[in-house]
Amino acid sequence: MTQTASTADFVSAAPQVHIQQSLVASPDASNRIDPTSVVPFEFDSARLSDAGYSEVDTAALWLMVHPRHRLVLEGHTDALAVAPYNEDLSTRRMESVRQRMLQDGIASDRVMMITFGENEAMDLENPLFPADRHVTMYATRMSPQAVVAVVRENRPAIVATWTDRGALMRVEHGLTSPTKTITVRR
């Protein structure tokens, strides 16, 4: 990472369409302390751009300074292609961001991924709308189970995954109770 810790705090408004304000670390807009950022991706790609690396590295620096927070990644795609492909693509995009977080020294237990695929595509009239190809990142102090509960009530998420003491937890279609699926290497 090339940035200094002094540049790690950044202020950004959550995209209104994407994040329940109750989920973010500081829902008070006048005193926001959480990183909220959108990492863009190219068409049919899960590869981070230089700008994407910078966004992720900045969020990692912020997390180092705020050890009680976890980062939620929300994966999105445009509306082109079939739903299963878009679900996979949005998951691969989040995994690219997650892997960079791990390289930056953030523990896997502090990163949660929520797959939306094409479910929140902003412009259905234009299935190639570039703004739909992204991962949204935001910080929260809520437990993964609490995040899932809020998302379940308000948004069309497909899958939520996170680790808890090295065990992979996964909540699938319909976002029911989490199940422990496998143990991951640390």
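Going left to right, the sequence shown walks through residues 1 to 186 as the numbering used here numbers them. All C-beta atoms in this analysis are idealised placements derived from N, C-alpha and C, irrespective of residue type, glycine included.
Tell me which same chain residues have a C-beta within less than 6 Å of the C-beta of residue i, skipping the five on either side of it?
i: Ile106; result: Ala60 and Leu63
i: Glu55; result: Ser37 and Val39
i: Ala29; result: Residue confidence is low: Ala29 scores 47 on pLDDT, short of 50, so the model does not pin down where it sits. Its coordinate-derived value is still stated next. Cβ within range, chain order: n/a, list empty.
i: Leu73; result: Met94, Val97, Met113, Val135 and Met137
Check for me: the alpha helix (DSSP H) holding residue i runs from which residue to which?
i: Gly117; result: Looking at the DSSP string, Gly117 is not in any alpha helix (DSSP H); the run it does join, the beta strand (DSSP E), is Val111 to Gly117.
Name, in chain order, the residues that DSSP records as bridge partners for residue i.
i: Val159; result: Thr115
i: Pro40; result: His134
i: Val72; result: Met112 and Tyr138
i: Asp164; result: Ala167
Considering residue i, what are the terminal residues of the beta strand (DSSP E) in which it resides?
i: Arg170; result: Ala167 to Val171
Check this for me: beta carbons of residue i and residue j, under 8 Å apart or not?
i: Thr58; j: Glu87; result: no
i: Ala79; j: Ala121; result: yes
i: Arg70; j: Arg110; result: yes
Please go through the same chain and pick out, in chain order, the residues whose beta-carbon is closer than 7 Å to the beta-carbon of residue i, but skip the five residues on each side of it.
i: Ala83; result: Gly117 and Glu118
i: Leu102; result: Ser108
Would you call residue i buried or exposed, if buried means 16 or more other Cβ atoms sit within 10 Å of its Cβ?
i: Asp132; result: buried
i: Ala149; result: exposed
i: Pro144; result: buried
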